[in-house]
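Heads up: the sequence shown runs through residues 16 to 236, numbered per the numbering used here.
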Amino acid sequence: MKTLWLPLLALAGCASGASSGDGFVPLFNGKDTSGWQAAPGNGWVVEEGVLALKNREDGKEHNADYLWTKASYGDFILELEFKVPTQANSGIFLRTSDLKDPVFTGLEIQVSNSFGRPELSRGGTAGALYDCVAPTKNAARPAGEWNQVRITCKGSRIAVVLNGEAIVDADLDRWTEPQKNPDGSKNKFPRAMKDFARSGYIGLQDHGRPVWYRNIRLQPL
């Protein structure tokens with residue numbers, strides 16, 4: 016698996032579980048959502064080691080039904096697998112500082128069914144840093160197949176590898192103006208990305224569409 020840049024592997028302890036030999040700790044135990052925080056009655060279930068959001072067809076944001084880690088994380092490598100249906104919309108949130116306003120206080124890596132689309136976008140292509148950076152390649156697999164993602168957050172740098180393809184390498188310090196990307200395009204954020212928190216919660220989004228996650232693990236840096 017290739018990467019765009021090599022992080023320093025300064026390992027630290029983590030309360031989420033026992034560390035494996037490679038320094039990763041599980042964020043999901045494969046049995047239940049006890050390691051996460053969510054509103055009562057949320058739509059997430061665990062089936063055969065898979066974290067699933069089912070019976071969602073309205074396509075709307077359900078902020079109360081996001082799943083959030085109990086701990087905050089700053090510099091880390093996050094690995095997981097996701098699977099989506101034909102109509103899909105979800106996201107992996109990073110360093111979210113305000114759980115009551117996650118869309119505007121966290122970074123989002125897009126989870127979608129973009130397989131086969133020729134265009135690359137900051138919003139619709141899987142692996143995009145949402146509304147900020149389009150991936151360099153559409154590496155998504157067909158709907159119903161598992162995708163492997165590796166996200167590295169270190170200081171101002173955010174890197175994404177999807178299915179073995181390095182597709183995003185962003186330096187948040189280049190985002191110096193509110194609602195504006197370095198290339199001059201607009202984004203939705205009222206604060207410059209360079210001013211976003213460098214530590215926060217990791218989340219899985221309920222955006223009114225089914226989605227499945229498994230093998231969620233993290234290596235603190």
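Just so you know, even glycine gets a beta-carbon here, dropped at the ideal spot from N, CA and C. Keep in mind the model is a prediction, meaning the values are calculated, not measured.
Note on the region 151–179: there is no whole alpha helix (DSSP H) run with a minimum of 4 residues. At least 8 Å separates the beta-carbon of D73 from that of A54. Within the same chain, Cβ atoms closer than 8 Å to the Cβ of T120 are found at T111, S112, D113, F211, A212, G215, the five residues on either side in sequence being excluded.
Within the model, the alpha-carbon separation for P133 versus N153 is close to 8 Å.
Taken in chain order, the complete beta strand (DSSP E) segments of 3 residues or longer contained in the region 28–91 are 59–62, 65–68, 82–84.
The alpha-carbon separation between E94 and G199 amounts to approximately 31 Å. It is roughly 13 Å from the alpha-carbon of S129 to the alpha-carbon of F97.
Secondary structure of D184 (DSSP, three-state): strand. Around the C-beta of G36, fewer than 16 other C-beta atoms lie within 10 Å, and the residue is accordingly described as exposed. N70 sits exposed, since fewer than 16 C-beta atoms from the chains shown fall within 10 Å of its C-beta. Membership of V226 in the beta strand (DSSP E) is indicated by the continuous run 226–235.
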